[in-house]
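If you read the sequence shown in my numbering, its first letter stands for residue 30, the second for the next number, and so on. Every residue gets a Cβ at the ideal spot worked out from N, C-alpha and C, and that includes glycine.
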Amino acid sequence: MTSIPVIQNDKWEKPTDGWVKFNCDGSFRSSTGIAGFAVLVRNQEGRMIEGSHGIFETNSALVTEAWSLREGTKLAVKKNFQNAVFQTDSSSVFSAVNSNEAKKDWCIEPIVRDIRPFLKSVPEKNVRLIIGMLTKQQIGLLPKPP
């Protein structure tokens, strides 16, 4: 598996010819414990060709991000995609999937154990970390707004 962390601008980029791109993301509201995830799959023309979404209860934004990547990789296997790019904006999930760091984040370890065999079932894949404006501020690449 080739994993490439990418700092991306605000502009979405199409996958290369013959590939599809899975944008996996989640949202969590701690006051209610309600989380939502969405997976958008686009072809080399930028057209949405598949997708998945859902709402569930959890106690962690990290679980929500991991779940979204799990659902994306699961969808790739179900639809038999051969060349796939999976994108997440969670550096913790990205690190856990690409190493043994899931043991450090015990709350996502079972989800990461689900993700890995799904990824192995996709012949050609990349897992990418997309760093948006908020994440850039969190890791110190941009100053925080006043």
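(Q) Report the start-end ranges of each beta strand (DSSP E) in the segment 88 to 156 that is 3 residues or longer and not cut off at the edges. (A) 112 to 117
Q: Mind checking who Arg76 pairs with in its DSSP beta bridge?
A: For the purposes of this step, residue 76 is identified with residue 47 of the sequence shown, where counting begins at 1. Arg76 pairs with nothing; no bridge assigned.
**Q.** Which of helix, strand or coil DSSP assigns to Ser60
**A.** Residue 60 sits at position 31 when you count from the first residue of the sequence shown. Three-state result, Ser60: coil.
Q. Any idea if Arg157 is buried or exposed, counting beta-carbon neighbours within 10 angstroms, 16 or more meaning buried?
A. As a first step, residue 157 is located in the sequence shown; it is residue number 128 there, counting from the start. That one is buried.
Q | Phe47 (DSSP reduced to helix, strand or coil) | A | Along the sequence shown, read from residue 1 onward, the residue named residue 47 stands at position 18. One detail in the question is off: residue 47 reads as Gly in this sequence, not Phe. Three-state DSSP puts Gly47 in coil, outside helix and strand.
(Q) Comparing C-alpha positions only, which one of Val49, Ile159, Asp54, Glu86 sits nearest to Arg76? (A) Along the sequence shown, read from residue 1 onward, the residue named residue 76 stands at position 47. Considering only alpha carbons, the answer is Val49.
Q: Report all residues from its chain with a CB closer than 8 angstroms to the CB of Val122; omit the five preceding and five following residues, and keep chain order.
A: Within the sequence shown, residue 122 is the residue found at index 93, counting from 1. Only Leu91, Glu94, Ala95, Leu98, Ile137, Val141 meet the Cβ criterion.
(Q) Can you list, in chain order, the residues of its chain with a C-beta nearer than 7 angstroms to that of Thr45? Leave out the 5 residues immediately preceding and following it. (A) Sequence index remark: in the sequence shown, residue 45 carries index 16 (1-based). Result list for Thr45: Gln73, in chain order.
**Q.** Exposure of Gln116, with buried meaning 16 or more beta-carbon neighbours within 10 Å
**A.** If you number the sequence shown from 1, residue 116 lands on position 87. With 16 or more Cβ atoms within 10 Å of its Cβ, Gln116 is classed as buried.
Q) For the candidate residues Ala125, Ile63, Ser124, Lys107, whose alpha-carbon lies nearest to that of Glu86? A) As a working mapping, residue 86 is identified with position 57 in the sequence shown. Here the closest residue by C-alpha is Ile63.
Q. Do Gly47 and Asn112 have their C-beta atoms closer together than 7 angstroms?
A. Residue mapping note: residue 47 aligns to position 18 of the sequence shown, counting from 1. Residue mapping note: residue 112 aligns to position 83 of the sequence shown, counting from 1. Cβ atoms of Gly47 and Asn112: closer than 7 angstroms.
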